[in-house]
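Note sheet for the following structure.
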Amino acid sequence: MTKLDPIIAVKDVETSSAWYRTIFDFNNMHGGDHFAVLTTQENEIVLCLHAWELDGHPTMNNPNITIGNGLLLYFRTADWQKIRKNLEKIGWAIEEDIHQNPNSHKQEFSFRDPDGYFITVTEPHAYEG
10 MTKLDPIIAV KDVETSSAWY RTIFDFNNMH GGDHFAVLTT QENEIVLCLH AWELDGHPTM
70 NNPNITIGNG LLLYFRTADW QKIRKNLEKI GWAIEEDIHQ NPNSHKQEFS FRDPDGYFIT
130 VTEPHAYEG
């Protein structure tokens, strides 16, 4: 079995962890000032948060680079409408409101997390083609 645990560098692990838990209803399986592991309610690892400039990871040494260049956090979930409402509750800016994706033909919307990473949330679908 192969699994991918995406890790993104953030300014404040605890603040980012709280934000992701509020918006996506994730759990924090492993938390702290420097690293957090966010999971679904079924304990599936979804995303890890890592403090900038710690542990010598070459892509996490410079917090002054453009955040998220070449990265899109793309969440396929049945909870997409709940997530949109959670963002609305806290007055979070939406960059692309709900619309039909011309490729997947599914509803989606996009926004940025507190560190500027671009996130798209879509209704569930299988990749075809």
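This note's numbering puts the sequence shown at residues 10 to 138.
Note that the Cβ used here is the ideal one computed from N, Cα and C, for glycine as well.
Between I76 and G125 a beta carbon distance of about 4 Å is seen, short of the 8 Å cut, so the two are scored as contacting.
Here the alpha carbon of L82 sits roughly 16 Å from the alpha carbon of V46. For F35 against I92, the beta-carbon gap comes to about 11 Å, at or over 8 Å, which does not count as contact.
Pairing I99 with L56 gives a Cβ-Cβ distance that is not under 8 Å.
With a beta-carbon spacing of about 5 Å, R85 and P133 fall inside the 8 Å limit used to define contacts.
In this model, D106 and S25 are separated by some 22 Å (Cα to Cα).
Of the candidates S119, A135, W28 and I54, I54 places its Cα closest to the Cα of K12.
Annotation: the continuous beta strand (DSSP E) that includes N37 extends over N36 to H39. For A87, there is no enclosing beta strand (DSSP E), as DSSP marks it with neither H nor E. According to the DSSP assignment, E117 belongs to the beta strand (DSSP E) that extends over Q116 to R121. A direct Cα-to-Cα measurement between H43 and W28 gives close to 16 Å.
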